[in-house]
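Residue numbering for the sequence shown follows the working numbering, starting at 1 and increasing by one per position. Positions of the beta carbon are idealized from the N, C-alpha and C atoms, including for glycine. Since the structure is predicted, the reported quantities are computational estimates derived from the model, not experimental observations. Comments concern the structure below.
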Amino acid sequence: MRAILILVLLCVGCDEAARDESAESETVVETTSNAETTPDVAPEPATPTPPAAETTAGFIEAKVDGELKRFEYLPAGENTAAANGTFLEARATADRNERFELSLVHLDVREMDFPTTIRSNVRAMKMAGMNYWDAEGTGHPVVFNDDSFECQSLEDLLLRCTFSGTAHPNRGGPVEITDGRLEVQLTTNEVRDRFIEATSGAAGRAPGN
C-alpha cells in the first residue's frame with residue numbers, strides 16, 4: 001500500500017514539473033515572438049532652423065563735401081521697414097565705423113504711394129533725417145525739412161531714393177551732402193510689427209490720451 005502511495009505522489013510531481021516546463025516554454029516563445037515583430041522606430045531628425053541673413057543687398061552713396069562715399073555692407077537687422085518707421089544703414093565694411101544712417105521715425109514706407117517726398121513733421125511726431133559718420137567717429141546729421149529726400153519706388157521691398165542736405169557736425173563748420181542715392185533691399189519682421197502695433201494701441205487707449 002505504501003508503495004502505491006509513493007508511486008502516486010511521484011506521478012503527481014512529474015505532472016506538475018511537466019506543466020511548469022510547458023508554461024516556461026510558452027513564455028519564452030511569446031517573448032521572442034513579440035521581440036521579433038516589434039520593429040525599432042528611429043526618431044525623426046529635427047529640422048534645423050536656417051540662420052538669419054547677416055546682410056541685405058544694396059548700397060547707399062553720397063558726396064561729402066565733394067568726395068564720393070559709397071558703402072555696400074548693409075546689416076540686415078539695420079535695414080528694415082517696421083510699423084514704427086523705416087531705418088537704413090550702410091557701412092564701408094563690417095568692422096569699420098564709417099557709415100551712412102537714415103532714420104524715418106513713424107514713417108513706414110510700406111504704407112506710402114510712390115514716387116513721394118519724405119520730410120519731417122514735428123507735430124505728427126514724424127522725423128526724417130540722416131547721419132554720416134566719418135572714420136574718426138564724428139557725426140554729420142541732416143534733417144529733411146524740405147523736398148530734399150525723395151523716394152522713387154518700392155518694389156518687393158527694394159527701396160530707391162535720392163537725398164541731399166547740409167550737415168552740422170559737432171566739430172567744424174557745415175558739410176554739404178550732395179548726390180545722395182540709395183538702393184536697399186529692406187527686411188521685415190511680422191512678430192515685431194504685431195508687438196509694436198499692440199503696444200502703440202495700448203498707449204493710445206491709456207487714460208489721458
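Put E54 into one of helix, strand or coil per three-state DSSP.
-> As a working mapping, residue 54 is identified with position 54 in the sequence shown. Correct three-state label for E54: coil.
Short Cβ contact (8 Å threshold) for C161 with E176 = Looking up residue 161 in the sequence shown gives position 161. Looking up residue 176 in the sequence shown gives position 176. No, the pair does not count as a contact, with Cβ atoms beyond the cut-off.
Would DSSP call F163 helix, strand or coil?
-> On the sequence shown, position 163 is the one that residue 163 refers to. Judged by DSSP in its simplified three-state form, F163 adopts strand.
Can you tell me which of the three DSSP states A23 falls into?
-> Translated into the one-based positions of the sequence shown, residue 23 becomes position 23. A caution first: A23 carries a pLDDT of 47, below 50, which makes its placement in the model unreliable, though a value can still be read off. It is helical.
If you run the structure through DSSP and keep just helix, strand and coil, what is R119?
-> As a first step, residue 119 must be located in the sequence shown, where it is residue number 119. R119: coil per DSSP, three-state reduction.
With M130 and E101 assumed to form a contact (beta carbons below 8 Å), what rounded beta-carbon distance in angstroms separates them?
-> As a first step, residue 130 must be located in the sequence shown, where it is residue number 130. As a first step, residue 101 must be located in the sequence shown, where it is residue number 101. Sure, about 6 Å apart at Cβ, within 8 Å.
From which residue to which residue does the beta strand (DSSP E) around M127 run?
-> Within the sequence shown, the letter at position 127 stands for residue 127. 127 to 133 is the span of the beta strand (DSSP E), which, as asked, contains M127.
Would a C-beta distance cut-off of 8 Å place T199 and T80 closer than the cut-off?
-> Taking the first residue of the sequence shown as 1, we reach residue 199 at position 199. Taking the first residue of the sequence shown as 1, we reach residue 80 at position 80. T199 places its beta carbon 8 Å or farther from that of T80.
Which residues does DSSP pair with I196 in a beta bridge?
-> Along the sequence shown, one-based indexing puts residue 196 at 196. None, per the DSSP bridge assignment.
Out of I118, R171, P169, which has the shortest C-alpha to C-alpha gap to V105?
-> Counting from one through the sequence shown, the residue named residue 105 turns up at place 105. If we check each option's Cα against that of V105, I118 comes out closest.
With DSSP run on the structure shown, which of helix, strand or coil describes M110?
-> If you number the sequence shown from 1, residue 110 lands on position 110. Checking the sequence, you will find Arg at residue 110 rather than Met. DSSP places R110 in helix when its eight states are reduced to three.
H140: first and last residue of the uninterrupted beta strand (DSSP E) it sits in = Sequence index remark: in the sequence shown, residue 140 carries index 140 (1-based). Counting along the chain, the beta strand (DSSP E) containing H140 begins and ends at 139 to 143.
Could you tell me if T93 is buried or exposed, where buried requires 16 or more neighbouring beta carbons within 10 angstroms of its beta carbon?
-> Counting from 1 along the sequence shown, the entry for residue 93 is found at position 93. Label assigned to T93: exposed.
With 16 other CB atoms within 10 Å as the buried threshold, where does T86 fall?
-> On the sequence shown, residue 86 is found 86 positions in, with the first residue counted as 1. Buried.
Since V142 contacts G165 with CB under 8 Å, what's their CB separation in whole angstroms?
-> Residue mapping note: residue 142 aligns to position 142 of the sequence shown, counting from 1. Residue mapping note: residue 165 aligns to position 165 of the sequence shown, counting from 1. Contact flag correct, Cβ pair sits at about 4 Å.
What are the partner residues of R181, as DSSP defines its beta bridges?
-> Working through the sequence shown from its first residue, we reach residue 181 at position 181. In the DSSP output, where bridge partners are listed per residue, R181 has E61, T162.
Put E136 into one of helix, strand or coil per three-state DSSP.
-> Residue numbering aside, residue 136 sits at position 136 when the sequence shown is read from its first letter. The three-state secondary structure of E136, taken from DSSP, is coil.
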